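Novice:
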Amino acid sequence: MKKAILVFTLILNVAISAYASVSNEPFKVQVSGKGQPMLFIPGATCSGEEWQSAVAHYNKKFECHVFTLAGYAGVPPMIEGPYLSKFKLALMDYIKTRKLKNVILVGHSIGGFLALNIAAEMKDGLSQVVVIDAMPFYAAAINPAAQRSFKESQAIKLLAQYNEMSDAKLKAYQLNVAKSLCADSTRWETIATWGAQSDRKTMAYTFTEMMSDDIQDKIASINVPVLVLAAFKKSPKYIGFTRSYVSGVFQKQYAKCKTCTIQVSNDARHFIMFDEPLWMLNQMDNFITKL
């Protein structure tokens, strides 16, 4: 009997521990500064800390709301998906319930994809949107023949690949990803740590959901100004990868968004805020103060 109780207690403790590691909360948020609200959404697997320099620049005149999405960078994951639609609805609800007005929405990567979705659906509350290196249909940038189609089998397959990795191998994998997406070597360890601390299921499903969704038609309904900052850094390995090529890809992706303006960086990879922070802030300043 005592053994049975001991086994039951052990199982209960494991169950409680597992349950405690998940949450119904779609994000955590930190607020600083006073003034017009700016909402910062980071990229996949990233902490809101990626916006640290931007927040330091803006929170003297703006009220900065910095998010880290559930399942990323150590934040407990949501109990279940679909993830991106839940993130989107939760962010929209955050704006509405707090009665935020004239919001400047800033998103990087998957955060930029969410920002576009929100801007296409919210007709009140937003004043401007800034998208950092994100596209309305990522898959088409890789394969022009790609079709919108979410297949859970693809997410399950990707999750299985993540689950085959030990913690050390996942960290090494994330370090290689960081090196390919960021030119500033002093940032690699931080980016890799965020990735290694992220929930594997959330990573697999959010990536698959974004890659399989096409909102190129949807962004035609955006009625506020949008600044899109595209990353470009010359590489001797890829002769055809030119600044004009990047510009063309983004122009095609955003063709139906009549309120969108696209600017291409000079020397930055995906993490523009790390590789060309002054250029990014200058572009944002000019855009925000223009209206």
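All letters in the sequence shown, in the order written, are residues -20 to -1, 1 to 271 by mature numbering (1 follows the signal peptide of the UniProt record, and there is no 0). The beta-carbon is built from N, C-alpha and C at its ideal position, and this holds for glycine as well. Note that this is a predicted model, so its numbers are computed, not measured.
1) When DSSP builds the beta bridges, which residues end up paired with VAL244?
2) Once you ignore the five residues that flank GLY51 on each side, which residues in its own chain have a CB closer than 8 angstroms to its CB?
3) Would LYS236 pass as an interface residue toward chain C - the criterion being a Cβ-Cβ separation below 9 angstroms?
4) TRP259 and CYS26: beta carbons closer than 9 angstroms?
5) Could you work out which residue in VAL111, ALA34, SER160 is closest to LYS217 when comparing CA atoms only?
6) Which residues share a DSSP beta bridge with THR48?
7) Under 7 angstroms Cβ to Cβ from ARG249, same chain only, skipping five residues before and after it: list those, please.
8) Identify, in the order they occur along the chain, each residue of the same chain with its Cβ nearer than 7 angstroms to the Cβ of VAL83, setting aside the five sequence neighbours on each side.
9) In this structure, does DSSP put GLU29 in helix, strand or coil?
10) Would the beta-carbon of ILE195 fall within 9 angstroms of that of ASN262?
11) Could you tell me the boundaries of the alpha helix (DSSP H) in which VAL226 lies?
12) For LYS238, which option in LEU150, VAL204, ALA125 has the closest C-alpha, if you only look at C-alpha atoms?
13) Opposite ILE84 in the DSSP bridges: which residues?
14) Quick one: residues in its chain with C-beta nearer than 8 angstroms to the C-beta of PHE117, no 5 flanking neighbours on either side, listed in chain order?
15) Which word fits ILE122, buried or exposed, when buried means at least 16 other C-beta atoms lie within 10 angstroms of its C-beta?
16) Does the Cβ of PHE221 have 16 or more other Cβ atoms within 10 Å, making it buried, or fewer, making it exposed?
17) Bridge partners of PHE42, per DSSP?
18) Could you check what DSSP says for PHE254 in three-state terms: helix, strand or coil?
19) Count the other CB atoms within 10 Å of the CB of SER146; is the residue buried (16 or more) or exposed (fewer)?
20) Can you tell me whether SER201 is helix, strand or coil according to DSSP?
21) If you reduce the DSSP assignment to three classes, tell me which class ASN143 lands in.
22) Is LYS14 near PHE47, with beta carbons less than 9 angstroms apart?
23) Can you tell which of MET190, GLU29, TYR142, GLU60 has its C-alpha closest to the C-alpha of ALA176?
24) Given a cut-off of 9 angstroms, decide if VAL111 and LEU207 are closer than it, judged by their beta-carbon atoms.
Specialist: Straight from the coordinates:
1) Indexing the sequence shown from 1 puts residue 244 at position 264. VAL244 pairs with ALA210.
2) As a position in the sequence shown, residue 51 is number 71, starting the count at 1. Within the same chain, and ignoring the five residues on either side of GLY51 in sequence, the residues whose Cβ sits closer than 8 angstroms to its Cβ are PRO57, MET58, TYR63, SER178, ASP179, LYS181, THR182, MET183, THR186.
3) Given the protein chain composition of this structure (a single chain), no chain C is represented.
4) Reading the sequence shown from its first residue, position 279 is the one you call residue 259. Reading the sequence shown from its first residue, position 46 is the one you call residue 26. No; because the gap between Cβ atoms is not below 9 angstroms, this pair is not in contact.
5) Walking along the sequence shown from the start, residue 217 turns up at place 237. If you compare the alpha carbons of VAL111, ALA34, SER160 with that of LYS217, the shortest gap goes to SER160.
6) By one-based count along the sequence shown, residue 48 stands at place 68. Answer by DSSP bridge pairing, in chain order: LYS8.
7) Residue 249 sits at position 269 when you count from the first residue of the sequence shown. Taken in chain order, the residues that qualify are LEU161, CYS162, ALA163, ALA211, LYS213, ASP255.
8) Start at 1 with the first residue of the sequence shown, and residue 83 comes out as number 103. The answer, listed in chain order, is PRO17, LEU19, ILE75, GLY105, LEU106, SER107.
9) Translated into positions along the sequence shown, residue 29 becomes position 49. In the displayed model, GLU29 falls within a helix according to three-state DSSP.
10) Within the sequence shown, the letter at position 215 stands for residue 195. Within the sequence shown, the letter at position 282 stands for residue 262. Result no, Cβ atoms of ILE195 and ASN262 do not sit closer than 9 angstroms.
11) Start at 1 with the first residue of the sequence shown, and residue 226 comes out as number 246. Counting along the chain, the alpha helix (DSSP H) containing VAL226 begins and ends at 223 to 233.
12) Counted from its first residue, the sequence shown places residue 238 at position 258. Residue VAL204 is the option with its Cα nearest to LYS238.
13) Here residue 84 is taken as the residue at index 104 of the sequence shown, counted from 1. Beta-bridge pairing links ILE84 to MET18, GLN108.
14) As a working mapping, residue 117 is identified with position 137 in the sequence shown. Only ALA126, ARG128, ASP193, ASP194, ILE195, GLN196, GLN233 meet the Cβ criterion.
15) Position 142 of the sequence shown, counting from 1, holds the residue named residue 122. Exposed is the call here.
16) Here residue 221 refers to the residue found at position 241 of the sequence shown. PHE221 is classed as exposed because its beta carbon has fewer than 16 other beta carbons within 10 Å across all chains shown.
17) The residue labelled residue 42 in the question sits at position 62 within the sequence shown. BP columns for PHE42 point to GLN16.
18) In the sequence shown, counting from the first residue as 1, residue 254 sits at position 274. PHE254 falls in the helix class under three-state DSSP.
19) As a working mapping, residue 146 is identified with position 166 in the sequence shown. SER146 comes out exposed.
20) Here the question's residue 201 lines up with position 221 in the sequence shown. DSSP, reduced to helix, strand and coil, places SER201 within a helical segment of the structure shown.
21) On the sequence shown, position 163 is the one that residue 143 refers to. ASN143 carries a helical assignment under DSSP once its states are collapsed to helix, strand and coil.
22) For this step, residue 14 is matched to residue 34 along the sequence shown. For this step, residue 47 is matched to residue 67 along the sequence shown. Contact: no.
23) By 1-based counting over the sequence shown, the position of residue 176 is 196. Selected option, being the one with the closest Cα: TYR142.
24) Residue numbering aside, residue 207 sits at position 227 when the sequence shown is read from its first letter. Residue numbering aside, residue 111 sits at position 131 when the sequence shown is read from its first letter. Between LEU207 and VAL111, the CB-CB gap stays under 9 angstroms.
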